[in-house]
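J.: Structure provided below as structure tokens; questions to follow.
Protein chains: 2
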Amino acid sequence: MDTAEEVADARGAGARRRRGGRVPTASMADVARLAGVSSQTVSRVSNGYAGVTEETRHQVLAAMKELGYRPNSAARALKRGEFRTIGVITFSLATTGNVRTLEAIATSAASEGYAVTLLPVAVPTQDEVRGAFSRLEELAVDAVIVIMEVHLLDAASLRLPPHVQVVVVDSDAGDHYTVVDTDQAGGTRAAVRHLLDLGHDTVWHLGGPEGSFAAQRRTDAWRRTLAEAGRTPPPLSRGDWSAESGYRAGLELAARKECTAVFAANDQMALGLMRALHERGRRVPDEVSVIGFDDIPEAGSFLPPLTTVHQDFAEVGRLCVEAVLRKMRQDGPERGTTLVPTRLVTRSSTAVPPE
Amino acid sequence: MDTAEEVADARGAGARRRRGGRVPTASMADVARLAGVSSQTVSRVSNGYAGVTEETRHQVLAAMKELGYRPNSAARALKRGEFRTIGVITFSLATTGNVRTLEAIATSAASEGYAVTLLPVAVPTQDEVRGAFSRLEELAVDAVIVIMEVHLLDAASLRLPPHVQVVVVDSDAGDHYTVVDTDQAGGTRAAVRHLLDLGHDTVWHLGGPEGSFAAQRRTDAWRRTLAEAGRTPPPLSRGDWSAESGYRAGLELAARKECTAVFAANDQMALGLMRALHERGRRVPDEVSVIGFDDIPEAGSFLPPLTTVHQDFAEVGRLCVEAVLRKMRQDGPERGTTLVPTRLVTRSSTAVPPE
DNA sequence: GGCTGCTATGTTTACGTAAACATTTGATGG
DNA sequence: CCATCAAATGTTTACGTAAACATAGCAGCC
Numbered sequence: 001m002d003t004a005e006e007v008a009d010a011r012g013a014g015a016r017r018r019r020g021g022r023v024p025t026a027s028m029a030d031v032a033r034l035a036g037v038s039s040q041t042v043s044r045v046s047n048g049y050a051g052v053t054e055e056t057r058h059q060v061l062a063a064m065k066e067l068g069y070r071p072n073s074a075a076r077a078l079k080r081g082e083f084r085t086i087g088v089i090t091f092s093l094a095t096t097g098n099v100r101t102l103e104a105i106a107t108s109a110a111s112e113g114y115a116v117t118l119l120p121v122a123v124p125t126q127d128e129v130r131g132a133f134s135r136l137e138e139l140a141v142d143a144v145i146v147i148m149e150v151h152l153l154d155a156a157s158l159r160l161p162p163h164v165q166v167v168v169v170d171s172d173a174g175d176h177y178t179v180v181d182t183d184q185a186g187g188t189r190a191a192v193r194h195l196l197d198l199g200h201d202t203v204w205h206l207g208g209p210e211g212s213f214a215a216q217r218r219t220d221a222w223r224r225t226l227a228e229a230g231r232t233p234p235p236l237s238r239g240d241w242s243a244e245s246g247y248r249a250g251l252e253l254a255a256r257k258e259c260t261a262v263f264a265a266n267d268q269m270a271l272g273l274m275r276a277l278h279e280r281g282r283r284v285p286d287e288v289s290v291i292g293f294d295d296i297p298e299a300g301s302f303l304p305p306l307t308t309v310h311q312d313f314a315e316v317g318r319l320c321v322e323a324v325l326r327k328m329r330q331d332g333p334e335r336g337t338t339l340v341p342t343r344l345v346t347r348s349s350t351a352v353p354p355e
Numbered sequence: 001m002d003t004a005e006e007v008a009d010a011r012g013a014g015a016r017r018r019r020g021g022r023v024p025t026a027s028m029a030d031v032a033r034l035a036g037v038s039s040q041t042v043s044r045v046s047n048g049y050a051g052v053t054e055e056t057r058h059q060v061l062a063a064m065k066e067l068g069y070r071p072n073s074a075a076r077a078l079k080r081g082e083f084r085t086i087g088v089i090t091f092s093l094a095t096t097g098n099v100r101t102l103e104a105i106a107t108s109a110a111s112e113g114y115a116v117t118l119l120p121v122a123v124p125t126q127d128e129v130r131g132a133f134s135r136l137e138e139l140a141v142d143a144v145i146v147i148m149e150v151h152l153l154d155a156a157s158l159r160l161p162p163h164v165q166v167v168v169v170d171s172d173a174g175d176h177y178t179v180v181d182t183d184q185a186g187g188t189r190a191a192v193r194h195l196l197d198l199g200h201d202t203v204w205h206l207g208g209p210e211g212s213f214a215a216q217r218r219t220d221a222w223r224r225t226l227a228e229a230g231r232t233p234p235p236l237s238r239g240d241w242s243a244e245s246g247y248r249a250g251l252e253l254a255a256r257k258e259c260t261a262v263f264a265a266n267d268q269m270a271l272g273l274m275r276a277l278h279e280r281g282r283r284v285p286d287e288v289s290v291i292g293f294d295d296i297p298e299a300g301s302f303l304p305p306l307t308t309v310h311q312d313f314a315e316v317g318r319l320c321v322e323a324v325l326r327k328m329r330q331d332g333p334e335r336g337t338t339l340v341p342t343r344l345v346t347r348s349s350t351a352v353p354p355e
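Structure below.
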């Protein structure tokens, strides 16, 4: 036996995954043989079709059990043309919102008999996104849920297999895609109005990063709500969602004596902001009221406990799955945006203005 | 045409996913026809095998591009006997550690050409876990990474397909499974020693929930480190990892005048603890030093910024993937525990004791 | 009693890929 | 100039499942 043959042998065994002498799993044919029926009857039992005698059914089930039969999902997918799997593309799981949404998607999908395949995108550049979609093309998914800004999606989406349905979270591209998102504007309006109603002359804003649609919409809604109330919007500060960036912005805001109320675009930045205010001796809420967005689990344990806008990520995730399955089943390119309402959670970081 | 026939028609079309008149994706045969070669040659090009003329290769690639050909992963998996997918079973993604580990797993897996399928387990009961494994049995995965206590796994794992490799995070079952975990004991020792070195007589401990091995190991290591230093361990408090539970425990600890240093089993509980201390007028770190575990991104923005034990979740995830792929390739039931070192991050929540 | 119609089951085939085996082509050397 | 050999490409087959079609058996009916 020469070397070439040995190599070929090793490759063959590896490809078939029997290297360790493992027993390949039982197939329908094996079960059929043991039960003394045709493999089609096994298939019928396996898929719960009617038209099988109770007696035959029990024989088949017994044979399945004895052989430890498990349907081969690859063969099933090949035959049926669907994988019962949903792909989820998202940026880093560093933000609470993405994670909670993902979790809800996975749970909802599971209850519908769908699995969820995760496609993390390391860096939010178009190249990276395109790379993720390119991987996705060869991946066994029937549909995709995108948790990111859709402008990164645009260039890449063209390369998707045509039958794959897409639902987008966190975007305003409802005219091109099916979009599910939190009612950013409504939540912001509630937050700003809460502060105005307490008697503050105006509300300052610590916004999220420039690239983010969620941040953009919160900032827009902040401006609009102030305008509707006839107030002048103070200069805008910006952070990158992190507590650290909130702290830096907070150091500047703390120097402004006229600033008595701040709406931070998320809870983490609110946390950093409050630290900065505290360090500069400006008491929350006595001198400055602070309100956040998200209602992360820790928000109630901040110093002081944070008033914030509660997002129902679980509902967002559930609606995503619902929408994507509906699209798959109807096969129709349905569009439009579904908004999930928010709820203002009042804690102790907001109060009437000083004087 | 009677009703029965209509029903049968509809079902057939639905099963083949052509309801909307969609064009099925191109297969190798289609590419082969267009390129004027055999489908085997297309296969060779698709898999990058040698022995194809540059000219032929280009023709095939051009045909692929024209038809928008994408390999059918179900067929590929069926033929090859592997799915290039790793399943990850985990409890709620509510804890930072699980999420960060998951993210690292997904990233590492992607760079190895593997996809990650998520299997959330709603409630950590044996029944739920068994359910997840049962779903897994029919799922297209080559290996599984379990992020949970292994005692829940034991009863369920027997039902796994025999060729599926398992790697476990967060467990001490290294003699039964391949385990990757943070060096809980080392991190705890560093935290407790830090406080002792600052001059505290002893260190109090706010532990995690009873069911958790991670919590158990941190508590054990806390006791051992104190014993080695000849100190008596004060009574143990317990939380459930949440900031809220840390707050409740903190209210009691705040009443203890002799308590000058607390090691909390995670950062969230440390946050709640510090809020309680603050409310009761006990200043951190002047009167009480507090140290956490995890180093969540917000820890540096707490009031005061939290000294804590940094966990390298990325490395844990990377090692999980490495281990599980190694097991798959060698097909050997390798066992043992790999520990990932921690790093003490000193911020302003710890100081020398009062007096 | 033979025909109709229904139910339970068996047989054939196709899904798309890639290994194994077969054939063609062209170059090299005696 | 033909035998030899290797490289390039083609043909056959099997992976496990389930739809489509085929058949056997049996009850009900005129």
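Protein chains in written order, with full-length UniProt numbering: chain A, 1 to 355; chain B, 1 to 355.
Backbone N, C-alpha and C fix where the C-beta goes; we use that ideal spot for every residue, glycine too.
Name the chain A residues that come within less than 9 angstroms of residue 375 (chain B), Cβ to Cβ?
T.: Only positions 1 to 355 of chain B appear in this structure, which leaves residue 375 (chain B) out of reach.
J.: Any C-beta of chain A within less than 8 angstroms: which residues of the segment 127-151 of chain B qualify?
T.: The segment 127-151 of chain B vs chain A, Cβ under 8 angstroms: Arg135, Glu137, Glu138, Leu139, Ala140.
J.: Identify the residues that DSSP records as bridge partners of leucine 206 (chain A): which are they?
T.: Answer by DSSP bridge pairing, in chain order: A:Ser237, A:Ala264.
J.: In chain order, what residues of the same chain lie with their CB nearer than 6 angstroms to the CB of phenylalanine 100 (chain A), ignoring the 5 residues before and after it?
T.: Correcting the residue identity first, residue 100 (chain A) is arginine in this sequence and not phenylalanine. Result list for arginine 100 (chain A): Phe313, in chain order.
J.: Pick out whichever of A:Gly97, A:Val180, A:Leu277 has its Cα sitting closest to the Cα of leucine 319 (chain A).
T.: Cα-wise, what sits closest to leucine 319 (chain A) is A:Val180.
J.: For alanine 110 (chain A), which residues in chain B fall below 8 angstroms Cβ to Cβ?
T.: The contacting residues are Leu119, Pro120, Arg135.
J.: What residues from chain B crowd round threonine 337 (chain A), counting only those whose CB sits closer than 8 angstroms?
T.: Under the 8 angstroms cutoff, chain B gives no residues; its nearest Cβ is about 23 angstroms from threonine 337 (chain A).
J.: Between arginine 283 (chain B) and chain A, is any beta-carbon pair separated by less than 8 angstroms?
T.: No, arginine 283 (chain B) lies away from the interface with chain A (no Cβ there is under 8 angstroms from its Cβ).
J.: How big is the Cα-Cα spacing for glutamate 355 (chain B) and valine 288 (chain B)?
T.: About 12 angstroms.
J.: Measure from the alpha carbon of leucine 236 (chain B) to the alpha carbon of each residue in B:Ala215, B:Ala229, B:Glu244, then state which is nearest.
T.: Ranking the options by Cα distance to leucine 236 (chain B), first place goes to B:Ala215.
J.: Beta strand (DSSP E) containing histidine 58 (chain A): first to last residue?
T.: Unbroken run through histidine 58 (chain A) is the alpha helix (DSSP H), 54-67; no beta strand (DSSP E).
J.: Would you mind giving the Cβ-Cβ distance between isoleucine 291 (chain B) and threonine 350 (chain B), rounded to the nearest angstrom? I have them listed as a contact below 8 angstroms.
T.: About 6 angstroms separates the two Cβ atoms, so the contact holds.
J.: Consult DSSP for glycine 20 (chain A) and reduce its assignment to one of helix, strand or coil.
T.: Residue confidence for glycine 20 (chain A) is low, a pLDDT of 36 falling below 50, so the modelled location carries little weight; the figure read from the coordinates is stated next. Of the three classes helix, strand and coil, the one that applies to glycine 20 (chain A) here is coil, per DSSP.
J.: Which value, in whole angstroms, describes the spacing of the CA atoms of phenylalanine 302 (chain A) and threonine 308 (chain A)?
T.: Rounded to whole angstroms, phenylalanine 302 (chain A) to threonine 308 (chain A) spans 11 angstroms at the Cα level.
J.: Report the option in B:Ser73, B:Arg80, B:Ala132, B:Val52 whose CA atom is closest to the CA atom of valine 88 (chain B).
T.: It is B:Ala132.
J.: Is the shortest distance between the beta-carbon of proline 209 (chain B) and the beta-carbons of chain A less than 8 angstroms?
T.: No, no contact with chain A.
J.: Name the chain B residues whose beta carbon is nearer than 8 angstroms to that of histidine 278 (chain A)?
T.: Residues of chain B passing the Cβ test: Leu303.
J.: Within the same chain, show all residues whose beta-carbon is closer than 8 angstroms to that of leucine 273 (chain B), passing over the 5 residues directly before and after it, in chain order.
T.: Closer than 8 angstroms at Cβ, skipping near neighbours: Leu206, Gly246, Tyr247, Ala249, Gly250, Leu253, Val262, Ala264, Val290.
J.: Along the chain, where does the alpha helix (DSSP H) that runs through residue 417 (chain B) open and close?
T.: The first residue shown for chain B is 1 and the last is 355, placing residue 417 (chain B) beyond what the model contains.
J.: For the segment 227-251 of chain B, which residues have a beta carbon sitting closer than 8 angstroms to at least one beta carbon of chain A?
T.: Here the close residues are Ser242, Ala243, Glu244, Gly246, Tyr247.
J.: In terms of residue numbering, what span does the beta strand (DSSP E) encompassing alanine 229 (chain A) cover?
T.: First-last for alanine 229 (chain A): undefined, no H or E at that position.
J.: Histidine 200 (chain B): which of B:Phe91, B:Gly211, B:Arg231 sits nearest, CA to CA?
T.: Closest option to histidine 200 (chain B), Cα to Cα, is B:Arg231.
J.: Name the chain A residues whose beta carbon is nearer than 9 angstroms to that of threonine 107 (chain B)?
T.: Under the 9 angstroms cutoff, chain A gives Pro120, Ala122.
J.: Starting from histidine 194 (chain B), trace the alpha helix (DSSP H) in both directions and tell me its first and last residue.
T.: It spans 184-198 - the alpha helix (DSSP H) in which histidine 194 (chain B) sits, taken as one unbroken run.
J.: Would you please state the rounded distance, in angstroms, between the beta carbons of valine 166 (chain A) and valine 146 (chain A)? I believe it to be under 8 angstroms.
T.: Between valine 146 (chain A) and valine 166 (chain A) the Cβ distance is about 6 angstroms, and since that is below 8 angstroms, they are a contact.
J.: So with CB distances below 8 angstroms, who are the chain B contacts of valine 99 (chain A)?
T.: Within 8 angstroms Cβ-Cβ: Leu93, Val99.
J.: So leucine 306 (chain B) contacts chain A; which residues on that side make the cut at Cβ distance below 9 angstroms?
T.: By Cβ distance, chain A contributes nothing, its closest Cβ being about 11 angstroms from leucine 306 (chain B), past 9 angstroms.
J.: On the three-state DSSP scale, how would you describe residue 376 (chain A)?
T.: Here chain A comprises residues numbered 1 to 355, so residue 376 (chain A) is not present and cannot be evaluated.
J.: Check the Cβ of leucine 271 (chain A) against every Cβ in chain B and list those closer than 7 angstroms, keeping chain order.
T.: Residues of chain B passing the Cβ test: Glu298, Ser301.
J.: Let's see if you can read the secondary structure: which residues bound the alpha helix (DSSP H) around aspartate 294 (chain A)?
T.: Element bounds for aspartate 294 (chain A): not the alpha helix (DSSP H) but the beta strand (DSSP E), 289-294.
J.: According to DSSP, is histidine 310 (chain A) helix, strand or coil?
T.: Three-state result, histidine 310 (chain A): strand.
J.: Does the segment 115-122 of chain B come into contact with the segment 100-113 of chain A, if we say contact requires no fewer than three beta-carbon pairs (one atom in each stretch) closer than 8 angstroms?
T.: Contact holds: three or more Cβ-Cβ distances are below 8 angstroms.
J.: Return the chain-ordered list of same chain residues with a C-beta closer than 6 angstroms to the C-beta of alanine 63 (chain B), the five sequence neighbours on each side being excluded.
T.: Val31, Leu34, Ala35.
J.: Does the distance from the CB of glutamate 315 (chain A) to the CB of leucine 93 (chain B) come in under 8 angstroms?
T.: The answer is no: Cβ separation not under 8 angstroms.
J.: Glycine 68 (chain B): which of A:Leu61, A:Val45, A:Ser134, A:His310 sits nearest, CA to CA?
T.: That would be A:Ser134, whose Cα lies nearest to the Cα of glycine 68 (chain B).
J.: Classify threonine 219 (chain B) as helix, strand or coil using the three-state DSSP reduction.
T.: Three-state DSSP puts threonine 219 (chain B) in a helix.
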